[in-house]
Each structure stands twice: as C-alpha cells, then as structure tokens.
Amino acid sequence: MVKIEGKIVGFQSTNCWLIGDLENRVCALVDPGAGGRRLWAWVAEQGLELRLILVTHTHLDHIGAVHYLQRKSGARCLVHPLDIKHRWKWFGVSFARFSLIEDGEVLGLGSYEIKVIHTPGHSPGSVSYLVEDNLFCGDLVFYNGVGRWNIPGGSFRELIKSLGERLAELSDEVKVFPGHGSITNLGRERAINPLFRSR
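Going by numbering that gives the first Met the number 0, the residue at position 102 of the sequence shown is 101; the numbering climbs one at a time, nothing skipped.
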C-alpha cells in the first residue's frame, strides 16, 4: 500500500503531501509551499529518497520550498506548461530544473504509477495527480467546497468542466487530498456540491 502523510506549511496553511513507496525507499512531495528545511528533515526521517516534486499549480503558497528541496535532493519538479508561462515571473521564484507534464501522462515512482489529470479552473495549468484511489488536487476540490476561480488566471467555466467532466471517470470512493483543509472523497463532495453536476 502506498504511504501517504501530510504536513501543513506556510502562512496560508497549505497541505504538503508525501507519497512514499516504502519497498523501494522513494517518495514524492506534492505542493511544498514553504518550510523547505522542515520538509527536507521530514523526508529524511522517513528514510526515503525524494525523487519527484509534484506541483498542482504555481501559486506561491504551493511552490515556495521547491528551489530549496531541488538543491538538496536533485528531485524533478513537474509542472503543467500553462502555469509555467507567467507564474515564475510574477513570484520571482527561481527553479534549478523543472519538467513539463501533460494531461494523461503517467509518471513512475518506484512500483507506483501517478496519472496526471489537467484540471484547470483555479489556474490555467492546474493539475491533479491520481495514485491508485487517491487524488491530490491542489485547490480544485476542498472538504465542503471548491477552489476560487475569481482570481487572475481563474475560470469558472474551466472549473465546472474539470469537476463535471475531467473527474467523471473516477469513482465516488476516490479519496481527495486537497491543497488546504481536511481529506474528503469524491462521493461526498459530489453529493453535496451542485457544481459537480453543472455543465
């Protein structure tokens, strides 16, 4: 079974998720928004090698510790091209190296596969990462809510499409690990949130 743990980081209380393959002693971090030293120590405590940094979108509260972690580990930072266009300039965050990812791409982490799903709405290049029945979705879906779209780069139309179409093939049992707040599942959010049914 895949190992999943979370830490809350930064002034906006962002969830940084660790995805670990204990057999192969490797891991990925999703959205390391701040506290690079603390996150690096956390990875070291697990006895795991940091291979991938998975960015759901490039708002500063989700990428603030990327450069530090790359320097320490040499891990690849994975970002959708629609978010990389302008965000780096806006926030002045430099990156040692990054890799562009596309919708439907499958990444390897030890014996696990990570599927990339392009889920724009909160930002043009927002993505979600599916590992088995676990969805790491950044600011797309929250417990009792969805991410903001009334911000630069946001789109209500794209958000609705992401919720209603791009996640349609996923079962209600899929666990949702959001960028902020508590873990939930798709079935719960579909039942209470009419935005999932708007098209």
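Don't be surprised by glycine CBs; every beta carbon is placed ideally from N, CA and C.
Legend entry - Status (buried if at least 16 other CB within 10 Å, exposed otherwise) for Asp102: One-based indexing of the sequence shown puts residue 102 at position 103. By the neighbour-count definition (other C-beta atoms within 10 Å, threshold 16), Asp102 is an exposed residue.
Legend entry - Residue range of the unbroken alpha helix (DSSP H) whose run includes Asp20: By one-based count along the sequence shown, residue 20 stands at place 21. Segment 13-20 is the beta strand (DSSP E) holding Asp20; no alpha helix (DSSP H) there.
Legend entry - Rounded separation between Leu49 and Arg189 - CA only: Here residue 49 is taken as the residue at index 50 of the sequence shown, counted from 1. Here residue 189 is taken as the residue at index 190 of the sequence shown, counted from 1. Computed Cα separation, rounded: 34 Å.
Legend entry - Distance between Trp41 and Lys6 (C-alpha atoms, nearest Å): On the sequence shown, residue 6 is found 7 positions in, with the first residue counted as 1. On the sequence shown, residue 41 is found 42 positions in, with the first residue counted as 1. Pairing Lys6 with Trp41, the inter-Cα distance amounts to about 9 Å.
Legend entry - Whole-angstrom distance between Val140 and Arg36, CA atom to CA atom: Here residue 36 is taken as the residue at index 37 of the sequence shown, counted from 1. Here residue 140 is taken as the residue at index 141 of the sequence shown, counted from 1. C-alpha separation (whole angstroms): 28 Å.
Inset, instruction - In the DSSP assignment, find the unbroken beta strand (DSSP E) run with Gly107 in it and report its ends. - result: Within the sequence shown, numbered from 1, the residue matching residue 107 stands at position 108. Boundaries of the beta strand (DSSP E) harbouring Gly107: 105-108, taken from the DSSP string.
Inset, instruction - Would you identify the three-state DSSP class for Gly163, choosing helix, strand or coil? - result: Here residue 163 is taken as the residue at index 164 of the sequence shown, counted from 1. It is helical.
Legend entry - For Tyr67, the first and last residue of its enclosing alpha helix (DSSP H): Taking the sequence shown and counting its residues from 1, one reaches residue 67 at position 68. Per DSSP, Tyr67 is one residue of the alpha helix (DSSP H) stretching across 65-72.
Inset, instruction - Specify the secondary structure class of Leu38 as computed by DSSP and reduced to three states. - result: Looking up residue 38 in the sequence shown gives position 39. The three-state secondary structure of Leu38, taken from DSSP, is helix.
Inset, instruction - Using the Cα positions of Val173 and Gly186, report the straight-line distance between them to the nearest angstrom. - result: Working through the sequence shown from its first residue, we reach residue 173 at position 174. Working through the sequence shown from its first residue, we reach residue 186 at position 187. Rounded to the nearest whole angstrom, the CA to CA distance from Val173 to Gly186 is 8 Å.
Inset, instruction - Use the C-beta contact count for Ile52: other C-beta atoms within 10 angstroms, 16 or more gives buried, fewer gives exposed. - result: Taking the first residue of the sequence shown as 1, we reach residue 52 at position 53. Per the 10 Å Cβ criterion, buried.
Inset, instruction - Would you identify the three-state DSSP class for His117, choosing helix, strand or coil? - result: Translated into the one-based positions of the sequence shown, residue 117 becomes position 118. Judged by DSSP in its simplified three-state form, His117 adopts strand.
Legend entry - Cα-Cα separation, Lys71 to Gly124: Locating residue 71 in the sequence shown gives position 72, where the first residue counts as 1. Locating residue 124 in the sequence shown gives position 125, where the first residue counts as 1. For Lys71 and Gly124, the distance between alpha carbons rounds to 26 Å.
Inset, instruction - Classify Phe141 as helix, strand or coil using the three-state DSSP reduction. - result: By one-based count along the sequence shown, residue 141 stands at place 142. Reduced to three states, the DSSP call for Phe141 is strand.
Inset, instruction - Give me the Cα-Cα distance between Asn23 and Val65, rounded to the nearest whole angstrom. - result: As a working mapping, residue 23 is identified with position 24 in the sequence shown. As a working mapping, residue 65 is identified with position 66 in the sequence shown. Cα to Cα, Asn23 sits roughly 23 Å from Val65.
Legend entry - Whole-angstrom distance between Gln69 and Ala95, CA atom to CA atom: Residue numbering aside, residue 95 sits at position 96 when the sequence shown is read from its first letter. Residue numbering aside, residue 69 sits at position 70 when the sequence shown is read from its first letter. Confidence at Ala95 is low in this model, with a pLDDT of 47, below 50, so the placement of that residue should be treated as unreliable; the coordinate-derived value is given next. Going from the Cα of Ala95 to the Cα of Gln69 covers about 7 Å.
Legend entry - Sub-7 Å separation of Phe176 and Trp16 beta-carbons: Counting from 1 along the sequence shown, the entry for residue 176 is found at position 177. Counting from 1 along the sequence shown, the entry for residue 16 is found at position 17. Result yes, Cβ atoms of Phe176 and Trp16 sit closer than 7 Å.
Legend entry - Per-residue DSSP class, three states only, for Gly9: On the sequence shown, residue 9 is found 10 positions in, with the first residue counted as 1. When DSSP states are grouped into helix, strand and coil, Gly9 belongs to the coil group.
Legend entry - Proximity to Ile62 [Cα-Cα], best of Asp82, Thr13, Asp30: Mapped onto the sequence shown, residue 62 falls at position 63. Taking only the C-alpha atoms, the option nearest Ile62 is Asp30.
Inset, instruction - Mark Asn202 as exposed unless 16 or more other C-beta atoms lie within 10 angstroms of its C-beta, in which case mark it buried. - result: Limits of the chain in this structure are 0 at one end and 198 at the other, which puts residue 202 out of reach.
Inset, instruction - Just mark Asn184 as buried or exposed, buried being the case when its beta carbon has 16 or more other beta carbons within 10 Å. - result: Taking the first residue of the sequence shown as position 1, residue 184 is located at position 185. Asn184 comes out buried.
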